[in-house]
Structures are given as C-alpha cells and as structure tokens.
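Numbering (my numbering), first residue to last: 24 to 360.
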C-alpha cells in the first residue's frame with residue numbers, strides 16, 4: 024500500500040510526552056488510577072487512589088471506559104486478544120506492513136534498528152478470556168513463522184487486548200448525552216495509531232465547538248442494530264458463560280495444585296483461586312472479578328487471572344493488570360496445617 028506510515032510507537036509517545044511536558048499548561052501524573060467520575064454543575068470531579076481531580080472538561084482515554092455509572096460501555100464493547108512474537112530471521116528484511124484479509128488473520132512487519140532487525144508477527148485473535156489454553160495461540164504463530172521463515176529465532180512474545188465495538192466503528196465523542204463536558208475515545212479495533220490520531224482531531228473539535236464532517240460517524244450514542252446484532256449476541260453468550268463460572272462445580276482440592284499451576288479449588292466448602300509457585304508458596308484469591316462479579320479463570324500461558332465477561336486481568340496476587348476493573352481481587356488466607 025502506498026503512503027503508509029511505519030514508525031516506532033514508543034518513540035512517537037516519547038515525542039508527544041516531550042511536547043506536553045514543555046508546555047506551561049500541561050502536567051503528566053503516572054501510576055495514579057482513576058476510580059470514578061462525578062459530573063456536577065460546576066464541572067467534573069475524578070476520584071483517584073491519591074485524591075480528587077477537578078476539571079471543566081474530562082476526556083476518558085483509558086482504553087476501556089472504567090466508569091459504569093453512565094454510557095453503559097460494558098454492554099457496548101468487548102475485548103479481543105491478539106498475540107505477538109518477535110523473531111530474528113535469516114532472510115533479507117522486507118519493508119512495509121502486511122495483513123491478510125482471510126481467517127486466520129496474521130500481520131507482520133520488521134522493527135529496524137542499528138543493532139538488528141526483528142520480525143514482529145501477530146495473530147491468534149479471540150475474545151478475551153474465552154480460550155482455555157492460550158499457549159495454543161503462541162504455538163499457531165510459531166508454526167506460521169517456522170513455515171515461512173526458516174531457522175528463525177524467537178526472542179520475545181507477548182499478548183495484547185483491544186476494545187471492539189459491535190458495528191466495528193470506534194466511539195469518539197461525548198461519554199454520555201447527559202454530560203456536555205465529558206468525552207470518551209475507545210473501541211479502536213486494533214487500529215490504535217490511526218484511530219487515536221482521528222480521536223484527537225474529533226475531540227479537539229468537540230471541545231472547541233468546531234463543526235466537521237466526520238464526528239457523527241463516531242458518535243458514541245449512535246444506534247446500529249443491524250450492524251451490531253451478531254456481535255452483540257456473541258457477547259451475551261460470552262458474558263453468560265463468564266457468570267456461569269461462578270456456579271460451576273470445582274472437584275479439585277488445594278493440595279492437588281502443582282507448582283507453576285493455577286486452579287480454582289474447593290477449600291472448606293468455598294471456591295478459591297490458587298496459584299502455587301516453583302518454591303511451593305500459595306497465592307490465593309477470591310475468583311470473582313471485582314468489575315461486575317463474573318468468574319475469573321487462570322491463564323496458564325501468562326500466569327494471570329482473566330475475566331471472560333469484559334476482559335479484566337489480574338496477576339497471581341490479584342493485582343490489576345488490565346481494566347475495566349479498578350479494584351484488585353480479594354485475597355484469601357488459607358491454612359494447610
């Protein structure tokens with residue numbers, strides 16, 4: 024494709040950060056989790072772990088909108104998971120970025136540097152939390168790599184989650200029709216670099232009250248039943264399955280959990296999520312997602328507790344890795360003596 028732009032996203036973000044921090048009117052605060060939003064007549068209050076923020080206008084650009092009080096985004100989005108492997112290849116690196124249109128979908132590009140050129144291969148897409156064995160997705164990528172790039176050496180692998188709308192168009196605009204000064208940008212459908220730039224332009228126009236020809240296309244309050252019905256029904260089934268995990272029978276006992284393994288077990292008549300590390304130490308949690316109370320399951324490939332309903336993820340200790348949740352899993356104390 025002509026005129027496509029390929030660049031390092033981290034360097035791009037560093038440059039944006041440099042521009043922001045050199046401005047006299049902008050400040051960046053890291054590692055401060057927003058908990059909820061409170062619109063009122065004098066502006067908007069955002070409650071965080073460290074205190075409250077007061078503003079005339081607020082843009083929620085938190086990947087998945089975290090406040091369920093309005094907008095009902097938990098009913099209008101789902102998360103799709105993808106996998107990436109980085110590999111050194113012995114072929115001459117190609118230029119450009121490529122993606123196929125048939126299933127299964129793969130995309131690839133090279134990351135060029137002065138030291139070495141690394142192929143980035145991604146694919147294995149599925150709804151977040153639905154796959155029992157996510158190692159299969161990495162294996163699928165490795166098989167594709169070995170088939171098309173002889174003697175490639177894998178140097179790293181990871182996964183990512185993307186917010187998807189049911190009609191495949193992002194939500195960019197007012198968070199809710201009820202609040203004039205609260206905005207949102209989400210549902211980028213794995214095209215974050217281009218849609219984030221579009222979101223910046225649309226939200227600027229909204230805030231400055233500049234008319235344009237494309238804001239209505241991305242209006243978060245749009246209603247598209249024909250385009251959305253199939254994906255919506257799939258989400259309903261997935262969410263129902265997530266809730267059913269809370270009532271499923273768990274025959275395993277805690278002493279049956281092996282080192283490096285995570286399971287939901289029966290402990291004193293209650294369900295407990297247990298991970299046992301290679302030292303024999305146990306990490307125990309309540310296997311109920313703190314977002315909307317779906318059941319979580321253990322992801323063996325990445326050693327995480329994942330929620331099938333809306334895509335929240337936690338580490339082995341129950342700490343948050345990905346939203347929409349804003350609270351960790353409850354810890355459980357056990358006594359094996």
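Virtual Cβ for every residue (Gly too), placed ideally from N, Cα, C.
None of the values given here were measured: they were computed from a predicted structure.
Close Cβ partners of residue i (< 6 Å) along its chain, the five nearest in sequence each way excluded
| i | result |
| --- | --- |
| residue 97 | 91, 333 |
| residue 323 | none |
| residue 262 | 332 |
| residue 174 | 113 |
| residue 280 | 286, 297, 299 |
| residue 60 | 69, 90 |
| residue 75 | 68 |
| residue 57 | 69, 71 |
Counted within 10 angstroms of its Cβ, other Cβ atoms place residue i as buried (16 or more) or exposed
| i | result |
| --- | --- |
| residue 239 | exposed |
| residue 151 | buried |
| residue 225 | buried |
| residue 329 | buried |
| residue 241 | buried |
| residue 182 | buried |
| residue 227 | exposed |
| residue 104 | buried |
Where residue i falls: helix, strand or coil (DSSP)
| i | result |
| --- | --- |
| residue 71 | strand |
| residue 244 | coil |
| residue 167 | helix |
| residue 352 | coil |
| residue 358 | coil |
| residue 343 | strand |
| residue 25 | coil |
| residue 41 | helix |
| residue 125 | coil |
| residue 147 | strand |
| residue 99 | coil |
| residue 207 | strand |
| residue 116 | coil |
| residue 52 | coil |
| residue 321 | strand |
| residue 262 | helix |
| residue 135 | coil |
| residue 86 | coil |
Spatially closest choice to residue i from the options, by CA coordinates
| i | options | result |
| --- | --- | --- |
| residue 327 | 140, 175, 103, 296 | 296 |
| residue 136 | 118, 153, 146 | 118 |
| residue 139 | 165, 125, 110, 162 | 110 |
| residue 192 | 302, 172, 219, 279 | 219 |
| residue 352 | 359, 306, 358, 41 | 306 |
| residue 66 | 202, 124, 314, 313 | 202 |
| residue 116 | 24, 289, 142, 350 | 142 |
| residue 176 | 260, 25, 227, 165 | 165 |
| residue 168 | 205, 185, 106 | 106 |
| residue 301 | 284, 47, 291 | 284 |
| residue 294 | 76, 36, 134, 356 | 356 |
| residue 291 | 358, 237, 348 | 358 |
| residue 314 | 303, 341, 321 | 341 |
| residue 64 | 52, 79, 31 | 79 |
| residue 194 | 154, 260, 277, 95 | 95 |
| residue 27 | 205, 51, 120, 103 | 120 |
| residue 362 | 126, 264, 35 | Here the chain covers residues 24 to 360 and nothing more, so residue 362 does not appear. |
| residue 170 | 144, 180, 178 | 144 |
| residue 221 | 196, 134, 232 | 196 |
Rounded distance between the beta-carbons of residue j and residue i, thought under 8 Å
| i | j | result |
| --- | --- | --- |
| residue 343 | residue 310 | Not quite, the Cβ-Cβ distance comes to about 15 Å (not below 8 Å), so this is no contact. |
| residue 128 | residue 148 | 6 Å |
| residue 308 | residue 350 | In fact, because the Cβ distance is near 12 Å, the residues do not count as touching under 8 Å. |
| residue 101 | residue 258 | 5 Å |
| residue 325 | residue 157 | 7 Å |
| residue 187 | residue 215 | Not confirmed; about 12 Å, so no contact. |
| residue 89 | residue 198 | Incorrect: roughly 11 Å between the Cβ atoms, too far for contact. |
| residue 146 | residue 163 | 7 Å |
| residue 132 | residue 29 | 7 Å |
| residue 235 | residue 213 | Actually they do not touch by this definition, with Cβ atoms about 24 Å apart. |
Proximal residues to residue i (C-beta, below 7 Å), its chain only, five neighbours per side dropped
| i | result |
| --- | --- |
| residue 84 | 208 |
Close Cβ partners of residue i (< 8 Å) along its chain, the five nearest in sequence each way excluded
| i | result |
| --- | --- |
| residue 17 | Limits of the chain in this structure are 24 at one end and 360 at the other, which puts residue 17 out of reach. |
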